[in-house]
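The structure under discussion appears below in the form of structure tokens.
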Amino acid sequence: MDIETRKAAGDSAIGFYCLYAPTELAVAANAVPLPLCGTRQDPIEAAEEILPRNLCPLIKSSFGFGVSGTCPFFKFSDLIVADTTCDGKKKMFELMAEFKPVHVLQLPQQAKEKFMDSWIGEVRELKTRLEQATGRDISEEKLSGAIRLMNRERAAKTRLMDVTRAVPSPLTGMELLEILFKTGFFADKEKGIALMNEIADACEAMTRDKVSPFSPSAPRILL
Numbered sequence: 063m064d065i066e067t068r069k070a071a072g073d074s075a076i077g078f079y080c081l082y083a084p085t086e087l088a089v090a091a092n093a094v095p096l097p098l099c100g101t102r103q104d105p106i107e108a109a110e111e112i113l114p115r116n117l118c119p120l121i122k123s124s125f126g127f128g129v130s131g132t133c134p135f136f137k138f139s140d141l142i143v144a145d146t147t148c149d150g151k152k153k154m155f156e157l158m159a160e161f162k163p164v165h166v167l168q169l170p171q172q173a174k175e176k177f178m179d180s181w182i183g184e185v186r187e188l189k190t191r192l193e194q195a196t197g198r199d200i201s202e203e204k205l206s207g208a209i210r211l212m213n214r215e216r217a218a219k220t221r222l223m224d225v226t227r228a229v230p231s232p233l234t235g236m237e238l239l240e241i242l243f244k245t246g247f248f249a250d251k252e253k254g255i256a257l258m259n260e261i262a263d264a265c266e267a268m269t270r271d272k273v274s275p276f277s278p279s280a281p282r283i284l285l
């Protein structure tokens, strides 16, 4: 696993919950950003030994993975970066900090200009915490390079999602989710970008050749 190789070489791994924290800061610190979430029901039982049973299943799954030690990516993470998306997660991160280093960003609850200065301050504090956790300085040059890299990754993801607009789609929804999910754990972002673009090329060819797992009249249902 290339994450293990990076860590053996002295690089850090930073776990991220939700999508609001700028992962570019971790990349600029030469760390591996790892997307963390609750994706299965199995860990919920372990979480319910600590969390209320009536709490959101997503939160219980996320916490269960961490507290039970069954998520390798949580184990690899030297620091967890989180944000205050809901009250349940706030409590989860408070409890998680008892067994894992956690940095919580105070996310503005409304998209108003007056909250911008506060959010900028939160991001600057995250930069300092990441420098401390990784032992690496985040320079303006490194950050600019990280922003360009992550924007290329976003462009590859967007391109891959756009190919499913074809009627009929060359990919099923589960296939698309699996590709996006798995490439998110690539320690080498360039490999993930190349793979997504390669799959998008193949899907565009399938669309031209009218190859699809669906019939043109198949309905699309959003769950």
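By the count of this note's numbering, the sequence shown reaches residue 285 at its end, each step adding exactly one. Glycine included, every Cβ here is placed at the ideal spot set by N, Cα and C.
query: Leaving out five residues before and five after Val164 in sequence, what residues of the same chain have Cβ atoms less than 7 Å from its Cβ?; result: Ile142, Ala144, Phe155 and Met158
query: Measure the C-alpha to C-alpha separation of Ile65 and Ser206 and round it to an integer number of angstroms.; result: 23 Å
query: Could you tell me the alpha carbon to alpha carbon distance between Gly72 and Phe276, rounded to whole angstroms?; result: 47 Å
query: Kindly indicate which residue of Pro97, Ala91, Ala88 and Ser139 has the alpha-carbon position closest to the one of Cys80.; result: Pro97
query: Should Ser74 and Gly197 be called a contact, given that it needs their Cβ atoms to be closer than 9 Å?; result: yes
query: State yes or no: is the C-beta of Leu222 within less than 9 Å of the C-beta of Leu242?; result: yes
query: When you compare only the Cα positions, how much space is there between Pro114 and Glu107?; result: 11 Å
query: Measuring only the C-alpha atoms, how far is Thr190 from Thr245?; result: 28 Å
query: Alpha carbon to alpha carbon, what distance is there between Cys118 and Ala70?; result: 36 Å
query: Just verifying my parser: in three-state terms, what is the DSSP assignment at Pro170?; result: coil
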